[in-house]
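Notes for the one structure printed next.
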Amino acid sequence: MCEPKRKGSISRFFAEEATSQAPPHHSGTTAMRTRLQVPAGVPLLEANYRAIRFPLAKRTRTRRARGTAHVHGRDYGCRRPWQFQDLQLWAEWLRADGVLKHGAKAVIAKRDPLVPVRDADLEELFEHETIAAIGRHLLRGTARDLVTAARQQLTHEWWRLRRSQFEVYISQLVLDEAAAGDPEAAAGRVAILEGLSGPGIRSAGAVHTG
Amino acid sequence: MNDARSSEAPWVDPIVAEVRGARATLLAAAGFDLERLAQHLREEQAVSSHPTVTLPSRQPGHRSGEAA
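For the record, the sequence lines run as chains A and B.
If you want my numbering, it's the 1-based position in the first sequence plus 14.
Just so we're aligned: 23 in my numbering is position 42 of the second sequence, and the numbers increase by one with no gaps anywhere.
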């Protein structure tokens, strides 16, 4: 961790935290568990214990976004601090223009995937408004999984902007799959797929295996 | 903090999981028999409003015919 540089800084908070007597697997209060959405019986890891303390530091958009990402880290598949491998995954789906700063994708690609992301890294890589947007998404909880959200947006954009440039076919099996699941979402999918041609499903003897 | 890595679980994309669930349901309805599933799809295709096409077979090595 960084050395403390000024009173009230997040670095100072971490430095004090590191020397405190707080156990690495703090049992946690009910309020903390509720806020972190950690079920009873699951150890409240040190990372989460720190995450909930983030708002106690001087609040900035960057710190709020990164602190919230810590809290929701388990939604990326594990409980751990935000790392460059997360940014590398995002960068693949993010527009460079207006979201990432110039050259950010190259910087992200070069960094060690397991290195935790620092405040300064976010400010170096992302446009200011993007950092605020990340915080809003995470806090709202509507897009905890930003990779999924980015893929959804990319898919919507493809169907809106690029679909007409391709000759698209769909099989009866995929039509059936699209019609299953949540009724409202299924109705939307079926409406989009309406009118697409389907390759004929031939009898077993007529199938080409080449 | 590194001890948290030991608790990593595979990440599941909810949309992929939903599609795979739908596929499993369709397969289960056909008794996990591909012949029955194909027969069911052919019957649905016959009454579907979607036009049906027969595409030329693709040859290995012809990238122009491959899906993106």
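Idealized CB from N, CA, C, for every residue including glycine.
Of the listed residues the options, nearest to residue i (C-alpha basis)
i	options	result
aspartate 133 (chain A)	A:Gln97, A:Ala105, A:Ser211	A:Gln97
histidine 21 (chain B)	A:Arg176, A:Trp173, A:Leu189	A:Leu189
glycine 209 (chain A)	A:Ser178, A:Glu198, A:Thr169	A:Ser178
leucine 207 (chain A)	A:Ala192, A:Phe180, A:Ala105	A:Ala192
C-alpha distance - residue i paired with residue j, whole-angstrom precision
i	j	result
alanine 118 (chain A)	leucine 128 (chain A)	17 angstroms
alanine 205 (chain A)	lysine 124 (chain A)	43 angstroms
alanine 200 (chain A)	leucine 187 (chain A)	14 angstroms
leucine 114 (chain A)	alanine 146 (chain A)	13 angstroms
alanine 10 (chain B)	threonine 33 (chain B)	24 angstroms
valine -3 (chain B)	histidine 142 (chain A)	32 angstroms
valine 182 (chain A)	arginine 174 (chain A)	14 angstroms
valine 0 (chain B)	glycine 195 (chain A)	8 angstroms
alanine 19 (chain B)	valine 121 (chain A)	49 angstroms
arginine 203 (chain A)	aspartate 135 (chain A)	39 angstroms
histidine 31 (chain B)	glutamate 25 (chain B)	10 angstroms
glycine 2 (chain B)	leucine 139 (chain A)	38 angstroms
leucine 103 (chain A)	arginine 4 (chain B)	27 angstroms
proline 41 (chain B)	histidine 116 (chain A)	41 angstroms
threonine 6 (chain B)	leucine 15 (chain B)	13 angstroms
valine 28 (chain B)	leucine 168 (chain A)	33 angstroms
glutamine 166 (chain A)	serine 38 (chain B)	32 angstroms
arginine 176 (chain A)	proline -5 (chain B)	25 angstroms
phenylalanine 8 (chain A)	proline 197 (chain A)	Residue 8 (chain A) falls outside the range modelled here, since chain A spans only 15 to 224, and no answer is possible.
phenylalanine 13 (chain B)	histidine 170 (chain A)	33 angstroms
Range covered by the alpha helix (DSSP H) that runs through residue i
i	result
leucine 8 (chain B)	-5 to 10
leucine 136 (chain A)	133 to 139
glutamine 40 (chain B)	Here glutamine 40 (chain B) belongs to no alpha helix (DSSP H), and DSSP marks it neither H nor E.
arginine 174 (chain A)	It is not in any alpha helix (DSSP H) - arginine 174 (chain A) carries neither H nor E in the DSSP assignment.
threonine 194 (chain A)	Threonine is not the amino acid found at residue 194 (chain A); the sequence shown has alanine there. From DSSP, alanine 194 (chain A) is part of no alpha helix (DSSP H); its letter is neither H nor E.
glutamine 26 (chain B)	15 to 28
Helix, strand or coil at residue i [DSSP, three-state]
i	result
valine 34 (chain B)	strand
proline 127 (chain A)	coil
phenylalanine 180 (chain A)	coil
leucine 114 (chain A)	strand
glycine 212 (chain A)	strand
Own chain partners of residue i with C-beta closer than 6 angstroms, once the 5 adjacent residues on each side are dropped
i	result
arginine 17 (chain B)	Ala11
glycine 155 (chain A)	Residue confidence for glycine 155 (chain A) is low, a pLDDT of 47 falling below 50, so the modelled location carries little weight; the figure read from the coordinates is stated next. Excluding positions up to five away in sequence, the list is empty.
alanine 105 (chain A)	Lys119, Ile122
leucine 8 (chain B)	none
Cut-off 7 angstroms between Cβ atoms - residues of its own chain near residue i, not counting five sequence neighbours on either side
i	result
aspartate 126 (chain A)	Phe98
Close beta carbons around residue i, own chain, < 8 angstroms, minus the five adjacent residues each side
i	result
tryptophan 172 (chain A)	none
leucine 36 (chain B)	none
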